[in-house]
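Q: If you scroll down you'll find the structure; I have some questions about it.
Residue numbers (the numbering used here): 2 to 194.
Have a look at this one:
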């Protein structure tokens, strides 16, 4: 085993991605370091990491999904692309032009979660706000703006097929029906439920 030192803001998922290339390795990291799956790492904390070629501990997908759904990958400290567990599809969000197509949707920011609920921050320059999630998660019942008003009726809903890992998957596209202008200082936080 080798030892690594954690950086500020790193999570167990970040370490799993950085050292093993897969979020499933969080089970191995937790077992090798006597950590809980939801443990907070401290900057400068030493962790035992298995050498390359040593198998990781078998895991249960429900353990991974439970941890991964509420974890934000710190892209500033993860040095390899984020690959989610196979049973968690990406959601997409961000500003875009009216009528954004499949290729445009795939260029939006990505978040991995196993439910449609999300709190997201937007900055737009005369664009529409999008939130795109797998159709099997069902309809959004509410979209709250910072003042607490439910603005779900201001978002159109459309079902499209997106190709994810070579497979066509039905997604629901929620789009603000009018262009909005938000500067960086006016970040718009929406709560999707």
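Using N, Cα and C, we set each Cβ at its ideal position, and we do this for glycine too.
Here's a check: name, in chain order, each residue in its chain whose Cβ is nearer than 6 Å to the Cβ of residue 121, leaving out the five neighbours to either side.
A: If we look at residue 121 and ignore the five residues flanking it on each side, its Cβ neighbours are 94 and 191.
Q: Thinking just about the alpha-carbon of each residue, which of 156, 137, 133 and 29 is nearest to the one in residue 174?
A: Closest by alpha carbon: 133.
Q: Apart from the five residues just before and just after residue 197, which ones in its own chain have a Cβ nearer than 8 Å to its Cβ?
A: In the structure displayed, the chain extends from 2 to 194; residue 197 sits before or after that span and is not available.
Q: Any idea which residues DSSP pairs residue 141 with across the strands?
A: For residue 141, which the question treats as bridged, DSSP gives no partner whatsoever.
Q: Between 89, 177 and 15, which lies nearest to residue 165 when the distance is taken from Cα to Cα?
A: If we check each option's Cα against that of residue 165, 89 comes out closest.
Q: Give the straight-line distance between the Cα atoms of residue 147 and residue 117, rounded to the nearest whole angstrom.
A: Answer to the nearest angstrom: the Cα atoms are 19 Å apart.
Q: Got a sec? Which residues, its chain only, sit under 8 Å from residue 105 by beta carbon, not counting five neighbours each side?
A: Counting only Cβ-Cβ distances below 8 Å, and skipping sequence neighbours, we find 97 and 98.
Q: Put residue 153 into one of helix, strand or coil per three-state DSSP.
A: Helix at residue 153.
Q: Since I believe residue 176 is in contact with residue 131 (beta carbons under 8 Å), could you give me their beta-carbon distance rounded to a whole number of angstroms?
A: Correct: roughly 5 Å between the Cβ atoms.
Q: Just to confirm, is the Cβ distance from residue 48 to residue 4 under 8 Å?
A: Yes, they are a contact pair.
Q: For residue 28, which option in 41, 19 and 14 has the closest C-alpha, if you only look at C-alpha atoms?
A: Checking every option, the nearest Cα to that of residue 28 belongs to 14.
Q: What's the gap between the Cα of residue 87 and the Cα of residue 114?
A: Residue placement at residue 87 is poorly supported in this model, since its pLDDT is 47, which falls under 50; the coordinates are not used for a value here.
Q: Which residues in the same chain have their Cβ closer than 8 Å to the Cβ of residue 107, if we skip the five residues on either side of it in sequence?
A: Cβ within range, chain order: 93 and 163.
Q: Can the beta-carbon of residue 140 be found closer than 8 Å to that of residue 172?
A: Not in contact: residue 140 and residue 172 (Cβ atoms no closer than 8 Å).
Q: Leaving aside the five residues before and after residue 152 along the sequence, list all residues of the same chain whose C-beta is less than 6 Å from its C-beta, in chain order.
A: The residues are 144 and 146.
Q: Using DSSP with H/G/I as helix, E/B as strand and the rest coil, what is residue 18?
A: In the structure shown, residue 18 sits in a helix (DSSP, three-state: H, G or I).
Q: Given residue 33, which residues of its chain have a CB within under 6 Å of its CB, disregarding the five upstream and five downstream residues?
A: Only 49 meet the Cβ criterion.
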